[in-house]
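Here's the structure we're looking at; comments come further down.
Residue numbers (my numbering): 52 to 276.
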């Protein structure tokens, strides 16, 4: 006698789709897993220990002058603010889509280029400000870590994933999001985010030959048809 498993197919199918999505972007979810572990570790540190621990993994001027390669890598393994769940959304919507589209290696090149170049350029601007007396000497030791530069670069490169004219709407929103803070109340971090967007847009050579651009109108028509 055949057993009807109909009621169980929905949850099982949903789990299978989620797992397939995760497997299609391994780099994204390995990175997200590392961020989960480091975030949990951060919550178990005393405030005093946390400050010093993160300072040694920050891409501030002092650490960049002493251990540039180490801090450029380790600074991208910690979340500024210590709240992990929002990054599940950000990574799934942006990083995972970019990795599935570009492939793991090209996606990683975009993310790492945005992270490194934005860090070096924004810290270079800070060094000039300190030299000229527009920023205090203590700014050379500030906490500066997180994954937002890499995220901004990937958000920007996804502009090329979308077909025109929707591409220009997406680009306008991206530029508004990252330009407004730079105009309203600029910080060196805001400047770094803007540089990251420019780096992502500059990665156009990496997107050539990666398939047809996504057209939201065609997707909607397919669902309704």
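Idealized CB from N, CA, C, for every residue including glycine.
Just reading off the alpha helix (DSSP H) that residue 241 is part of, what are its end residues?
Against the chain shown, residue 241 aligns to sequence position 190. Its alpha helix (DSSP H) spans residues 239 to 252.
Count the C-beta pairs between the region 241 to 249 and the region 203 to 214 that are closer than 8 angstroms, then say yes if the count reaches three, no if not.
yes
For the structure I just gave you, are there three or more beta carbon pairs, one from the region 68 to 81 and one from the region 111 to 124, closer than 8 angstroms?
no
Contact under 9 angstroms by Cβ, residue 86 with residue 129:
Numbered from 1 along the chain shown, position 35 holds the residue referred to as residue 86. Numbered from 1 along the chain shown, position 78 holds the residue referred to as residue 129. Yes, the pair counts as a contact, with Cβ atoms nearer than the cut-off.
Nearest to residue 193 by alpha carbon, out of 148, 89, 252 and 105?
Within the chain shown, the letter at position 142 stands for residue 193. The residue with the shortest Cα to Cα distance from residue 193 is 105.
Check each candidate in 122, 219, 224 and 190 and name the one with the smallest Cα separation from residue 196.
In the chain shown, counting from the first residue as 1, residue 196 sits at position 145. For residue 196, the nearest C-alpha among the options comes from 122.
Less than 9 angstroms separating the beta-carbons of residue 146 and residue 164?
Residue mapping note: residue 146 aligns to position 95 of the chain shown, counting from 1. Residue mapping note: residue 164 aligns to position 113 of the chain shown, counting from 1. Contact: no.
Determine the direct distance from the alpha carbon of residue 177 to that of residue 239, and round the result to whole angstroms.
Position 188 of the chain shown, counting from 1, holds the residue named residue 239. Position 126 of the chain shown, counting from 1, holds the residue named residue 177. Rounded to whole angstroms, residue 239 to residue 177 spans 7 angstroms at the Cα level.
The alpha helix (DSSP H) spanning residue 213 covers which residue range?
In the chain shown, counting from the first residue as 1, residue 213 sits at position 162. Where residue 213 is concerned, there is no enclosing alpha helix (DSSP H), given that its DSSP letter is neither H nor E.
Could you tell me which residues DSSP pairs with residue 265 in its beta bridges?
Residue 265 sits at position 214 when you count from the first residue of the chain shown. For residue 265, which the question treats as bridged, DSSP gives the partners 213.
Collapsed DSSP secondary structure at residue 194 in the structure displayed
Residue mapping note: residue 194 aligns to position 143 of the chain shown, counting from 1. Looking at residue 194 - three-state DSSP - the assignment turns out to be coil, as it is neither helix nor strand.
Where residue 79 falls: helix, strand or coil (DSSP)
Your numbering for residue 79 matches position 28 in the chain shown. When secondary structure is reduced to three states using DSSP, residue 79 falls in the helix class.
Residue 58 to residue 65, Cα distance in whole Å?
In the chain shown, residue 58 corresponds to position 7, counting from 1. In the chain shown, residue 65 corresponds to position 14, counting from 1. Summary for residue 58: the model assigns pLDDT 49, below 50, so the residue's position carries little reliability, and this model does not support an answer.
Any idea if residue 95 is buried or exposed, counting beta-carbon neighbours within 10 angstroms, 16 or more meaning buried?
The residue you call residue 95 lines up with position 44 of the chain shown. Exposed: under 16 other Cβ atoms inside 10 Å.
With DSSP collapsed to three states, give me the class of residue 189.
The residue labelled residue 189 in the question sits at position 138 within the chain shown. Helix.
Could you tell me the boundaries of the alpha helix (DSSP H) in which residue 259 lies?
In the chain shown, the residue the question calls residue 259 occupies position 208. Taken as a continuous stretch (DSSP letters only), residue 259 belongs to no alpha helix (DSSP H), as it is neither H nor E.
Under 8 angstroms Cβ to Cβ from residue 221, same chain only, skipping five residues before and after it: list those, please.
The count along the chain shown starts at 1 and reaches residue 221 at position 170. Contacts found: 209, 210 and 213.
At what residues does the alpha helix (DSSP H) containing residue 145 begin and finish?
Taking the first residue of the chain shown as position 1, residue 145 is located at position 94. Note, residue 145: premise wrong, no alpha helix (DSSP H); not H, not E.
Got a sec? Which residues, its chain only, sit under 6 angstroms from residue 89 by beta carbon, not counting five neighbours each side?
Reading the chain shown from its first residue, position 38 is the one you call residue 89. 128 and 129, listed in sequence order.
Taking 9 angstroms as the threshold (beta carbon to beta carbon), is residue 118 in contact with chain B?
Absent here is chain B; the protein component of the structure consists of one chain.
Residue 178 - containing alpha helix (DSSP H), residue span
Taking the chain shown and counting its residues from 1, one reaches residue 178 at position 127. Run containing residue 178: 155 to 182, per the alpha helix (DSSP H) assignment.
Please determine, among 72, 232 and 91, the residue with the shortest C-alpha to C-alpha distance to residue 132.
As a position in the chain shown, residue 132 is number 81, starting the count at 1. Of the candidates 72, 232 and 91, the one whose C-alpha sits nearest the C-alpha of residue 132 is 91.
Residue 189: buried (16+ other C-beta within 10 angstroms of its C-beta) or exposed?
Residue numbering aside, residue 189 sits at position 138 when the chain shown is read from its first letter. By the 10 Å Cβ count, residue 189 comes out exposed.
From residue 233 to residue 174, what distance separates their C-alpha atoms?
Taking the chain shown and counting its residues from 1, the one referred to as residue 233 is at position 182. Taking the chain shown and counting its residues from 1, the one referred to as residue 174 is at position 123. Going from the Cα of residue 233 to the Cα of residue 174 covers about 16 angstroms.
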